[in-house]
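Comments concern the structure below.
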Amino acid sequence: MGNYDYTAIEKKWQNYWDEHETFKVSEDKNKEKFYVLVEFPYPSGQGLHIGHPRPYTAMDILARKRRLEGYNVLYPFGWDAFGLPTENFAIKNKIHPAAVTAENIKNFTRQSKAIGFSFDWSREVNTTDPEYYKWTQWIFLQLFKKGLAYKKEMAVNWCTDCKVVLANEEVVDGSCERCHSEVVRKVKSQWMLKITEYAQRLIDDLDGVDYPERVRLSQINWIGRSTGAEVDFKTTAGETMRVYTTRPDTLFGATYMVISPEHPYIEKWADRLNNLPEIEEYKAAAGRKSDFERSEMNKDKSGVKLDGVSAINPVNNKEIPIFVSDYVLMSYGTGAIMAVPGHDTRDWEFARKFELPVVEVVKGGDIEKEAFVDCDTGVMVNSGFLDGLSVEEAKAKITDWLFENKIGEPKINYKLRDWVFSRQRYWGEPIPLVNCGKCGWVAIPESELPLKLPEVESYIPTDTGESPLAALDGFINTTCPECGGDAKRETDTMPQWAGSSWYFLRYCDPHNKNELASKEKLDYWMNINWYNGGMEHTTLHLLYSRFWHKFLYDIGVVTTKEPYQKRTSHGMILGEDMQKMSKSRGNVINPDDVIRDYGADALRLYEMFVGDFEKVAPWSTTGIKGCKRFLDRVWALQNLTVKESDTPCAEVNDYSKGLGASFHRTIKKVTYDIENLKFNTAIAALMSLINEIYAAGSINKAELRTFLILLNPFAPHITEEMFEAAGFGILNEQSLPEYDEALCVDDEVEIAIQINGKVRAKSVIRAGCDKSAMLTSAKSALGATLDGKTIVKEIVVPDKLVNFVVR
RNA sequence: GCGGUUAUGGCGGAAUGGCAGACGCGCCGGCUUCAGGUGCCGGUCCGAGUCAAUCGGGUGGAGGUUCAAGUCCUCUUAGCCGCACCA
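For reference, each letter of the first sequence is one residue, going 3 to 809 in the working numbering.
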């Protein structure tokens, strides 16, 4: 009976859970709640990726463990279903995106259920459901009403193939993240969300939550707070040019200035510039480049000197040239910088190429060879009234001086940019605004939400760059809610990030028709106790959703400043060749095949056993065989001699002599490891335990019962089946076995005996021996080895080792 | 270029500063089997060794701290991930 019929058993228990609504929860004030969340997937046409089950299983293990511990556990699931791949597929195959989405969700649901996740399916959400996106639109309207949504003409990333604007975040290697076509820059009027207004709070409130350090750092670096100063430079054209610098202390070393090709002064100064055609040509070339190309490393510094206008350094009144170069971006700071080639690498390279003077203003480096950048401990030189000061003192003094003389001021900048919220697509939430000739942009009444996507034949993007909705007269023409006059609807839709920025709130009250969720239910379930997701969402989804949550806090919808108490991140599952899985590499593994060949429990177990949960791990077909083999051995425990214990023991931890310490230790290890994402070693401990059981040759009821409960969160189907067969009842209604710390240790332990740190002997002693007993035992084990040597020091680690330092 | 991260047997990976290689895969030998497969038992870091006791070496590289370093410190190399040259 080595092989068990996993297909039948897994089906049986999945049906049982469905019929009994085993994992459906409601608010129960008598129980402590636990809200555990995984990132809801985008239901793509390819079906579930073999990587999906890794985080879902991990959090499923946690959820199942918490239930065994008596918590009221909310573990919900849903679909982040708007998005371009669906739209592209729909266009290509002439099917409506809604139909494609429904089909994909059906497939994803079938696959997810086949793995036995303990989701509360009654709370399933779908971002494309009008009953859901009604509230996405509602949140947008509140942002609009508070002035946090605004329209702005700006250069955006334009995908030449998809005919849509991409957020910077969606551009990968200079091409479209989704279709890989060329991305160019194009000026368009876009809806923007003022996430920058929340920049400081998004940094500060990280202190109150439990995030991995790498996630916390990524967010802080992404937000990128810097303190510096804005400085006004007079120019020979009359206008003042304002620059932003983080190093005002190096102002005496500023030997030229660089402005962005998009800087408005170029147009303003057109009459004065003797080389305007050259500048215009450079500007046009820069405009064709994507941000990535402009920022590509190792490229030659390029630029054009403005012939006809120069700037005056305010500290020494020296006239310095102005260059235009594409490494200065209009979107950060003031679009103009003062260049200090002595102390900035890029400026140094630029100065070398254009043969500009390099002045040392902080002593300590060799500016002939390279820029002296890490100069915080240096002393100011060639800097007039700053000479002799430390960098820190110079910063303070020059900033005061600039302020007093009204030529500058301290300034904090953030790298974070406002969120480009418009998409010229069909398959997204319509933006619920109308444009009235008299009243401008006006919100539609909340009673008219949801503003549904019109069901149409053509949802193909227009060549002009407008949303497909723009071609629908019946949709765009409407009346102004304020003055009643003719008005036109906004035709852009929202980005995919919108629906995922608040879905965790809807899970608390998914069928509410009057509010996005009731206060009472939000109070009960929020915050999320544990949120696991991919590192790739650290700076986008995580930041966007924290921003929305803070906004909802400000307007009184939610009562917590942060949505996620604890965040963890899993590593990707790679192909067997250690490469990212992709169709083109031919290394894709289909979960359906794995479940058919090895079963869902084996799949779950293998994905948890493969390695450190937080690191990438390659798929291995032989690896999953090992896990299947382990489950066969678990199943075969039913064939072992059932040892009769001295006392009836089905309900107590009455383990047989010799195995007791192993059981207590394993309970301790498994429970500890699950909390610390060390699923691999938890499973290893269970494997070791079963090896010991087989070595003992028999098992008693308490042992079988404990073993099955410990394994249950990892492999829920086989353990439920065996639990029932053994007459123990329904496993998920039980409690987690407890361990006794005092019983975790064996009676005897083996210690290492070292001389000068090298193991020279071993000895078995009674556990818990005192120092002198250990020394006596160690010396006798060493015998004559110590003769003629002087013991300088004796180190004793209880129950572990003795080390003699000898001469 | 910046930020993050990783490096341990043939492979995936274990090791609160305390016996490196748990657990699994693979491989080798044996048993079971008509055979293949499955299952079971034993072995498996490298090199010496009277192939036994034992000895030496070993966690990307070079130093250092320590009685003791995969683990801590300094420098360094390579891979992977992200990026908006952020002044």
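Every residue, glycine too, gets a C-beta built ideally from N, C-alpha and C.
Looking at the secondary structure, which residues open and close the beta strand (DSSP E) in which residue i lies?
i: Q756; result: 750-757
i: M610; result: Segment 602-611 is the alpha helix (DSSP H) holding M610; no beta strand (DSSP E) there.
i: A445; result: 442-445
i: V326; result: 321-326
i: R569; result: 569-572
i: G310; result: 306-314
i: A373; result: Premise fails: A373 is in no beta strand (DSSP E) and is neither H nor E.
i: I557; result: Element bounds for I557: n/a, residue is neither H nor E.
i: F36; result: 35-40
i: Y416; result: 410-416
Grab me the residues of residue i's own chain with a C-beta within less than 8 Å of its C-beta, minus the 5 sequence neighbours each way, in chain order.
i: L817; result: In the structure as shown, the chain starts at 3 and stops at 809, and residue 817 therefore has no counterpart that could be examined.
i: T649; result: Below a pLDDT of 50, predicted positions are generally treated as unreliable, and T649, at 49, falls in that range; the measurement from the model is reported next regardless. Cβ within range, chain order: D656.
For residue i, I'd like the list of residues in its chain whose CB is within less than 6 Å of its CB, leaving aside the five on either flank, ordered along the chain.
i: K671; result: A687
i: N734; result: none
i: M299; result: Because M299 sits at a pLDDT of 45, beneath the cut-off of 50, its placement in the model cannot be relied upon, and the point is left open.
i: L712; result: V672
i: E492; result: I433, L435
If residue i and residue j are in contact, beta carbons under 8 Å, what's the gap, nearest whole angstrom?
i: K417; j: G588; result: K417 to G588, Cβ: 39 Å. No contact.
i: F681; j: A60; result: 6 Å
i: E155; j: V189; result: 6 Å
i: S114; j: F79; result: 7 Å
i: P132; j: K454; result: 5 Å
i: K563; j: Y200; result: Incorrect: roughly 11 Å between the Cβ atoms, too far for contact.
i: V804; j: N758; result: In fact, because the Cβ distance is near 12 Å, the residues do not count as touching under 8 Å.
i: A728; j: L706; result: 6 Å
i: I557; j: Q144; result: 6 Å
Flag this pair as yes or no: are the beta carbons of residue i and residue j separated by less than 8 Å?
i: M340; j: S262; result: no
i: I575; j: W532; result: no
i: K232; j: Y246; result: The sequence given here has Glu at residue 232, not Lys. Yes. Within cutoff.
i: A398; j: L388; result: no
i: Y428; j: P99; result: yes
i: V590; j: M580; result: no
i: T88; j: T103; result: yes
i: W81; j: P55; result: no
i: K365; j: G386; result: no
i: E215; j: H539; result: no
i: I720; j: D603; result: yes
i: V326; j: V306; result: yes
i: V127; j: P412; result: no
i: W527; j: K33; result: no
Look up residue i in the DSSP assignment and say whether it is helix, strand or coil.
i: L713; result: helix
i: H98; result: coil
i: M382; result: strand
i: G577; result: coil
i: K855; result: Beyond the ends of the chain as shown, which are 3 and 809, falls residue 855; an answer cannot be given.
i: S782; result: helix
i: T24; result: coil
i: W421; result: strand
i: W429; result: coil
i: K791; result: coil
i: V342; result: coil
i: M528; result: coil
i: L803; result: strand
i: A763; result: strand
i: S622; result: coil
i: F235; result: strand
i: M299; result: Any reading at M299 must be qualified, since the residue scores a pLDDT of 45, below 50, and its modelled position is unreliable; the value itself is stated next. M299 falls in the coil class under three-state DSSP.
i: V808; result: strand
i: K115; result: helix
i: W193; result: strand
i: L275; result: coil
Excluding sequence positions up to five away, which residues of its chain have a Cβ less than 7 Å from the Cβ of residue i?
i: V2; result: Residue 2 is absent from the model: the chain starts at 3 and stops at 809.
At what residues does the alpha helix (DSSP H) containing residue i begin and finish?
i: V217; result: 215-225
i: Y58; result: 55-70
i: N682; result: 681-698
i: Y200; result: Segment: none, Y200 is in no alpha helix (DSSP H) and carries neither H nor E.
i: D402; result: 393-406
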